Amino acid sequence: MATKRIYLDNAATTWPKPPAVYEAVEAYQRNLGCSPGRSTYRDAMEADRVVAEARRAVARCLGLSDPHRIVFGFNGTDVLNMAIRGVVRPGDHVITTAADHNSVLRPLRFYEEYHHVQVDRIPCDPRGFVILEELEKALRPETRLVAVNHASNVVGTLQPLEEIVKLVRRHCEAIILVDAAQSLGHLPLFPKELGIDLLAAPGHKGLLGPMGTGVLYLAPRIEERLVPLRMGGTGSRSDEDRQPDFLPDKFEPGNHNAPGLAGLVEGIRYLEARTLEEIRQHEIALTAQLIAGLKEVPGVTLYGPPSAEQRVGVVSLNIEGYSPEEVAGILDLHYGIQVRSGIHCAPLMHRTLGTVERGGAVRFSFSPFTTREEIDAAIQAVTEIARHS
Ligand SMILES: Cc1ncc(COP(=O)(O)O)c(C=O)c1O
Numbered sequence: 001m002a003t004k005r006i007y008l009d010n011a012a013t014t015w016p017k018p019p020a021v022y023e024a025v026e027a028y029q030r031n032l033g034c035s036p037g038r039s040t041y042r043d044a045m046e047a048d049r050v051v052a053e054a055r056r057a058v059a060r061c062l063g064l065s066d067p068h069r070i071v072f073g074f075n076g077t078d079v080l081n082m083a084i085r086g087v088v089r090p091g092d093h094v095i096t097t098a099a100d101h102n103s104v105l106r107p108l109r110f111y112e113e114y115h116h117v118q119v120d121r122i123p124c125d126p127r128g129f130v131i132l133e134e135l136e137k138a139l140r141p142e143t144r145l146v147a148v149n150h151a152s153n154v155v156g157t158l159q160p161l162e163e164i165v166k167l168v169r170r171h172c173e174a175i176i177l178v179d180a181a182q183s184l185g186h187l188p189l190f191p192k193e194l195g196i197d198l199l200a201a202p203g204h205k206g207l208l209g210p211m212g213t214g215v216l217y218l219a220p221r222i223e224e225r226l227v228p229l230r231m232g233g234t235g236s237r238s239d240e241d242r243q244p245d246f247l248p249d250k251f252e253p254g255n256h257n258a259p260g261l262a263g264l265v266e267g268i269r270y271l272e273a274r275t276l277e278e279i280r281q282h283e284i285a286l287t288a289q290l291i292a293g294l295k296e297v298p299g300v301t302l303y304g305p306p307s308a309e310q311r312v313g314v315v316s317l318n319i320e321g322y323s324p325e326e327v328a329g330i331l332d333l334h335y336g337i338q339v340r341s342g343i344h345c346a347p348l349m350h351r352t353l354g355t356v357e358r359g360g361a362v363r364f365s366f367s368p369f370t371t372r373e374e375i376d377a378a379i380q381a382v383t384e385i386a387r388h389s
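Numbering-wise (full-length UniProt numbering), the sequence shown opens with residue 1 and increments by one.
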């Protein structure tokens with residue numbers, strides 16, 4: 001039985017966080033503990049400052065000068081729902097892709113089944129890249145929304161966002177939503193420069209914040225067209241029973257996860273100190289190391305692009321003779337290596353890979369804290385398991 005923990009499930013949520021993240025969460029809970037945006041006593045004003053600081057930190061990370069373009073939610077799923085359910089109307093035409101996660105696919109399936117929304121799901125090639133010719137064929141002048149995944153949570157494939165945005169804009173004025181759950185915090189990403197309308201991401205993955213945090217970027221042209229998913233008390237315009245129409249209050253009713261946002265500030269500060277460029281190089285090196293170490297191992301099938309530059313630090317594989325669940329169980333029990341097996345909430349990507357029938361795949365995912373030694377341990381473990389099959 002292994003005792004040392006090797007955590008390679010960072011695509012689910014990153015761990016560990018920088019120490020300052022834990023400290024900030026605790027300090028908020030212990031010393032401040034009050035509601036932001038509601039009261040004027042000094043500690044409440046300090047709580048306001050924490051939320052404002054988190055907004056500024058996320059804006060900086062996305063290369064934005066106006067922090068009010070950032071809206072907070074509670075995880076990636078929450079902010080994706082805010083985006084999708086905020087713009088889609090009965091009878092609309094919407095496009096998504098086979099690389100997308102159930103947090104996008106399921107709300108769209110719901111609209112398709114109950115609100116006559118037509119959804120085109122653009123296929124991916126076997127490496128996980130969206131087939132751009134198919135996207136082009138699907139675009140219509142009246143397309144309301146194009147929702148695309150930036151980096152696959154199964155195979156790490158990075159979609160060519162610039163090309164996708166240009167392609168969409170050549171054909172229509174559709175709202176472009178990017179699910180950056182697996183890319184934000186792992187590499188530099190500037191939605192305004194790319195011409196993206198909505199960008200959604202959790203705060204607890206690449207941004208290194210605590211669970212219970214999510215961020216949504218809204219381009220100015222989209223603000224008025226987005227209907228709030230949740231409505232309620234904001235602490236502003238409290239004399240009115242109508243939801244405020246200004247940012248960020250329009251989309252942020254109810255109490256924030258303020259301790260989580262205090263932690264998120266520190267997660268982003270860590271990224272800034274180390275720089276996203278350096279983190280990107282670190283994760284490319286780890287990905288290349290794992291691929292190189294396993295690609296020739298008999299019985300091991302690796303999925304996704306062969307080049308580490310074309311993906312984030314996410315690598316999925318199968319071992320002949322074992323189900324993904326068995327591999328994950330052996331890795332945990334015998335090697336202390338924690339990975340995620342199964343379909344990873346991405347049924348269309350697993351259909352693309354042809355892995356649904358065998359129960360999905362085994363996913364290894366990295367963070368800025370993953371080391372070369374941990375990757376060596378993973379290579380050795382997979383090689384040993386494959387040898388015994
Ligand atoms: C691509 C992608 N989108 C959305 C989500 C949902 O994020 P959350 O778990 O924060 O709700 C995930 C989570 O794994 C993801 O990988």
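Just so you know, even glycine gets a beta-carbon here, dropped at the ideal spot from N, CA and C. Keep in mind it's a predicted model, so treat the numbers as computed, not measured.
Given residue i as reference, the closest of the options once Cα atoms are compared
i           : options                   : result
residue 401 : D43, R30 and L64          : Any question about residue 401 goes unanswered here, given that the chain covers just 1 to 389.
N153        : S365, R274, L135 and I375 : S365
S367        : G91, T13, L333 and L80    : T13
A177        : P305, A201 and E373       : Sequence check: residue 177 is Leu here, not Ala. Nearest option by C-alpha distance: A201.
D48         : A59, H171, S35 and A57    : S35
I70         : L216, E357, L226 and A27  : L216
residue 390 : P18, L132 and D78         : Limits of the chain in this structure are 1 at one end and 389 at the other, which puts residue 390 out of reach.
T355        : C61, I319, V382 and I385  : I319
L187        : L105, D245 and E278       : E278
R346        : C61, L32, G128 and I84    : The residue you asked about is not Arg; residue 346 is Ala in the sequence shown. Out of C61, L32, G128 and I84, G128 has the C-alpha closest to the C-alpha of A346.
H150        : E163, S236 and S183       : S183
P220        : G321, P191, S238 and G214 : P191
A57         : G342, H388, L271 and D9   : L271
N102        : E384, V148, P90 and F72   : V148
E252        : I175, E53, G232 and E173  : G232
Beta-carbon proximity check, residue i vs residue j, cutoff 7 Å
i    : j    : result
L158 : Q310 : yes
I6   : I284 : no
G212 : G263 : no
L317 : A381 : no
H204 : V51  : no
G267 : V25  : no
G185 : L161 : no
G299 : A386 : yes
T287 : A308 : yes
V119 : L80  : no
V94  : L226 : no
A2   : Y335 : yes
I122 : T143 : no
F369 : P16  : yes
G37  : G235 : yes
D197 : I175 : yes
G214 : G321 : no
H171 : L139 : yes
Element boundaries [beta strand (DSSP E), containing residue i]
i    : result
N31  : It is not in any beta strand (DSSP E) - N31 carries neither H nor E in the DSSP assignment.
Y217 : G214 to L218
V119 : Q118 to I122
S316 : V314 to I319
S236 : Run containing S236: none; DSSP gives neither H nor E here.
G73  : I70 to G73
D179 : I175 to D179
Residue i - DSSP class collapsed to helix/strand/coil
i    : result
E149 : Reading off the sequence shown, one finds Asn at residue 149, where the question assumed Glu. If DSSP states are grouped into helix, strand and coil, N149 belongs with the strands.
V94  : strand
Q338 : strand
D9   : strand
F129 : coil
I330 : helix
A258 : helix
F364 : strand
First through last residue of the alpha helix (DSSP H) which encompasses residue i
i    : result
T383 : R372 to R387
D197 : That residue, D197, is in no alpha helix (DSSP H); it is neither H nor E in DSSP.
T287 : L276 to L294
T3   : Looking at the DSSP string, T3 is not in any alpha helix (DSSP H), and its letter there is neither H nor E.
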